[in-house]
Each structure stands twice: as C-alpha cells, then as structure tokens.
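Visitor: Provided herewith is a single structure, encoded as structure tokens, for subsequent inquiry.
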Amino acid sequence: MKNFHMNRILNLNTVEAYFLRDGFLSPPKYCMILIDYKRPSTIDDFPHLKDIEGIPQDDFGNDNFIKAIIISAEEVDEETYEELYIVPSGFLEDKEECRWNFIIETEPDFSIKNNLNDIFPLLQRILRKHNCFLDIEKISEEKFNHLSQE
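Number 1342 in the working numbering belongs to position 14 of the sequence shown; there are no gaps in the numbering.
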C-alpha cells in the first residue's frame, strides 16, 4: 500500500483540499477535495445504485452527504484507485450518519497547475461542477497563514 504525504491547502466549513505527494518535497501527484453538502444523501448522489432491487429510492438518505474527489492528471489503474480510495476513507468511514462517495476527476492541466496560485481556478471549476458554489478565489492571502481560511 502506498503512503502519501498530505499537505492541506484549503480548510473551510464545507470544503477541504489536500495535495497528495509521493515524497516530502516532490510535486503533488493528486489533489483531494472533500465537499460537505450538509444535507441528507439521496439516491441521486449514487447514480450507480439507481434501479437496483432492494435499494430504497425514497428512504435512502442519512443525516449528511460528503463527496470525496481526487484530481489526477491522468487516468488511474485499479490498484491506484484502491490506494487513493483509502485516503478519504480515513477521514470519512467512521461517520455513523453520513454517506459519502468517491470519484476521480481526470484533469490533464493538473500536472502543470499544481501550485497554490494555479490550483485555485481548477479547484473552483471542479467545485462548481459538483454543485458547490463557494468563491474560493476571493479568499485573501493573509488567511492562508491560519489553520482555517474562514
């Protein structure tokens, strides 16, 4: 199993983002985004489960829904997928009344836009794609000296 060095780059009430690196000073290989929607989950959050017998369509939700997104510059194989899945599961799997899902977004630009100045427009686009409409590009630079950017 692969160990990633994690660097938190964003810490808000509903969104956290981390660079995942192979080594201490190596460039980021992936970026993980956790979006807390602060609403019950629905079957629409898990389209791959729709129309499966035995899965209730109406009474599906838990108290909360969180989406874990990994940004990768290239497609990943099954082994890498499983290694990446372990990262958000360490944050989320013990939350009793919370459902979460995991996806990988392939963004070829990530390989050249993996520093803080370049990543925020990419993060902003990914957040909007997943119905999270925070304007993270307007966070003042001074707030990045704190643990939270709120």
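We put the beta carbon where it would ideally sit given N, CA and C, even for glycine.
Taking 9 angstroms as the CB-CB limit, is E1478 close to chain C?
Guide: Here there is only one protein chain, and chain C is not present.
Visitor: Would you tell me roughly how many angstroms separate the C-alpha atoms of Y1358 and E1410, rounded to the nearest one?
Guide: Within the sequence shown, numbered from 1, the residue matching residue 1358 stands at position 30. Within the sequence shown, numbered from 1, the residue matching residue 1410 stands at position 82. C-alpha separation (whole angstroms): 14 angstroms.
Visitor: So is N1331 buried or exposed if we call it buried at 16+ other beta carbons inside 10 Å?
Guide: Here residue 1331 refers to the residue found at position 3 when the sequence shown is read from its first residue. Exposed, because fewer than 16 other Cβ atoms sit within 10 Å of the Cβ of N1331.
Visitor: Should I1447 go down as buried or exposed, given a rule of 16 or more other Cβ atoms within 10 Å for buried?
Guide: Along the sequence shown, one-based indexing puts residue 1447 at 119. When all chains shown are included, I1447 counts as buried.
Visitor: Which of the three DSSP states, helix, strand or coil, is assigned to S1468?
Guide: Here residue 1468 corresponds to residue number 140 of the sequence shown, with the count starting at 1. Of the three classes helix, strand and coil, the one that applies to S1468 here is coil, per DSSP.
Visitor: Determine the DSSP secondary structure at L1420, reduced to helix, strand or coil.
Guide: Numbered from 1 along the sequence shown, position 92 holds the residue referred to as residue 1420. Of the three classes helix, strand and coil, the one that applies to L1420 here is helix, per DSSP.
Visitor: Check whether the segment 1401-1420 touches the segment 1356-1372, taking contact to mean three or more Cβ pairs, one atom from each stretch, closer than 8 angstroms.
Guide: The segment 1401-1420, when compared against the segment 1356-1372, does touch it at the 8 angstroms Cβ threshold.
Visitor: The alpha helix (DSSP H) that contains L1348, what's its start and end?
Guide: Your numbering for residue 1348 matches position 20 in the sequence shown. It is not in any alpha helix (DSSP H) - L1348 instead sits in the beta strand (DSSP E) that spans 1343-1349.
Visitor: Any idea what DSSP makes of P1355, helix, strand or coil?
Guide: The count along the sequence shown starts at 1 and reaches residue 1355 at position 27. Coil at P1355, not helix or strand.
Visitor: Enumerate in chain order the residues of its own chain whose CB-to-CB distance from E1465 is below 7 angstroms, with the five nearest sequence positions on each side excluded.
Guide: The count along the sequence shown starts at 1 and reaches residue 1465 at position 137. Result list for E1465: F1448, P1449, Q1452, in chain order.
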